[in-house]
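Residue numbers (the working numbering): 304 to 569.
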């Protein structure tokens, strides 16, 4: 006879655990791609459930079983189904999943049209409680270029610019394409960035940034203003962080959807 499963033994300390599970699992997955239908990538998973006070442990292997079952199609549409399955399979009251993965888009340089891939960091985060209420958030991190308006205003020649990171997190009603949010962000900054640029492209990007100076405050407000017109997004946050080229610190700004309401009303 096989020995007793220790996880199933009772625990007498009567302390409920809010999150228990597996963390930092690297696993190949397939995600939806607007241009190519699907894209293969490597994701990092965190998967948790709650544990009632009377159970000693959870069944860690079941998380991996479910991950393997769904890895052929991970997207914002089937995330609620995955959460419900985790909750049911582990007999839990709540379940949580965090998925982070690199997502690549082929970009053409602005003048030479030379093509290259640029990577973006994407996140799917979801939770479901005992009342079957789902909370789903998609996060997208976009590298961009910003140029300082103040530096341009006071300088006779040039202005300081830097690579910046814009992070957008969204709650939504229905499916949307990751690419659409990336393009919205890249159209809202001093200049996009590219993996491959020829000399004519470098000139174009440098001059484009100079003609579109933006503070971090300008970046988050411009993006938030555009997102606020889309009824699909029930909540969002926008963060912008500049890796300042002439300072030993970063510049940062953040706005949430509630803040946009105040701006629009004011």
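Backbone N, C-alpha and C fix where the C-beta goes; we use that ideal spot for every residue, glycine too.
Note that this is a predicted model, so its numbers are computed, not measured.
What are the start and end residues of the alpha helix (DSSP H) that includes residue 487?
Translated into the one-based positions of the chain shown, residue 487 becomes position 184. Unbroken alpha helix (DSSP H) run through residue 487: 481 to 489.
Following the continuous beta strand (DSSP E) through residue 369, name the residue where it begins and the one where it ends.
Here the question's residue 369 lines up with position 66 in the chain shown. Taken as a continuous stretch (DSSP letters only), residue 369 belongs to no beta strand (DSSP E), being part of the alpha helix (DSSP H) at 363 to 373.
Taking only three categories from DSSP, how would you classify residue 431?
Here residue 431 refers to the residue found at position 128 when the chain shown is read from its first residue. Looking at residue 431 - three-state DSSP - the assignment turns out to be strand.
Residues bridged to residue 414 by DSSP?
For the purposes of this step, residue 414 is taken as the residue at position 111 of the chain shown. None; residue 414 has no bridge partner.
Touching by the beta-carbon criterion (3+ pairs, under 8 Å), the segment 462 to 469 and the segment 545 to 564:
yes
What are the boundary residues of the alpha helix (DSSP H) that residue 453 is part of?
Counted from its first residue, the chain shown places residue 453 at position 150. Its alpha helix (DSSP H) spans residues 452 to 457.
For residue 550, tell me which candidate among 511, 537 and 454 has the shortest Cα-Cα distance.
Taking the first residue of the chain shown as 1, we reach residue 550 at position 247. Residue 454 is the option with its Cα nearest to residue 550.
Would you call the CB atoms of residue 353 and residue 401 closer than 7 Å?
As a working mapping, residue 353 is identified with position 50 in the chain shown. As a working mapping, residue 401 is identified with position 98 in the chain shown. Not closer than 7 Å, so no.
Can you tell me the Cα-Cα spacing of residue 326 and residue 315, whole angstroms?
In the chain shown, the residue the question calls residue 326 occupies position 23. In the chain shown, the residue the question calls residue 315 occupies position 12. Between the C-alpha atoms of residue 326 and residue 315 there is a straight-line separation of about 26 Å.
Can we say the segment 386 to 402 touches the segment 422 to 430, given the rule of at least three CB pairs closer than 8 Å?
yes
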